[in-house]
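**Student:**
Numbering (the working numbering), first residue to last: 78 to 157.
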C-alpha cells in the first residue's frame, strides 16, 4: 500500500485496487479531531454537510468523528 502512495496513486485508487476499507487507507489525526471538536463547540447547530465542506472531507467522516471519536450523539427536537 505504501509503495502505491509513493508511486503517486491517490487514496481512492489504493482503496479500489487493493479492495481495502476506507479506514485502512485514511487516518484521522489528533489535529483533525480537535478541529472538529472546536467547530462543533463553537456552533452546535451546524450540519454535517456544512462542517464537511469547511473541513474538506465527507459528511460520513464528520459523522464518524463526532459520534465515535468525540462520543457526541445527535439530539433532535421533536416537531409538532
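C-beta: ideal position from N, C-alpha, C; glycine also. Source: prediction; values computed, not measured.
Within the segment 86–139, note down every full alpha helix (DSSP H) run reaching 4 residues or more, in order along the chain.
**Tutor:** Entirely contained in the segment 86–139, the alpha helix (DSSP H) runs reaching 4 residues are, in chain order, 88–95, 99–102, 107–119, 125–132.
**Student:** Once you ignore the five residues that flank residue 150 on each side, which residues in its own chain have a CB closer than 8 Å to its CB?
**Tutor:** Your numbering for residue 150 matches position 73 in the chain shown. So the qualifying residues of the chain are 144.
**Student:** Hey, out of 103, 128, 138, whose CA is closest to residue 115's CA?
**Tutor:** Here residue 115 refers to the residue found at position 38 when the chain shown is read from its first residue. Measuring from the Cα of residue 115, the nearest candidate turns out to be 128.
**Student:** Assuming residue 91 and residue 102 are in contact, meaning their beta carbons sit under 8 Å apart, how far apart are those beta carbons, in whole angstroms?
**Tutor:** In the chain shown, the residue the question calls residue 91 occupies position 14. In the chain shown, the residue the question calls residue 102 occupies position 25. That pair is a contact at about 5 Å.
**Student:** If I measure Cβ to Cβ from residue 52 and keep anything under 7 Å in the same chain, skipping five residues before and after, which residues do I get?
**Tutor:** Because the chain is modelled from 78 through 157, residue 52 falls outside the range shown and cannot be assessed.
**Student:** Give me the Cα-Cα distance between residue 113 and residue 94, rounded to the nearest whole angstrom.
**Tutor:** Against the chain shown, residue 113 aligns to sequence position 36. Against the chain shown, residue 94 aligns to sequence position 17. Each residue's alpha carbon lies about 30 Å from the other.
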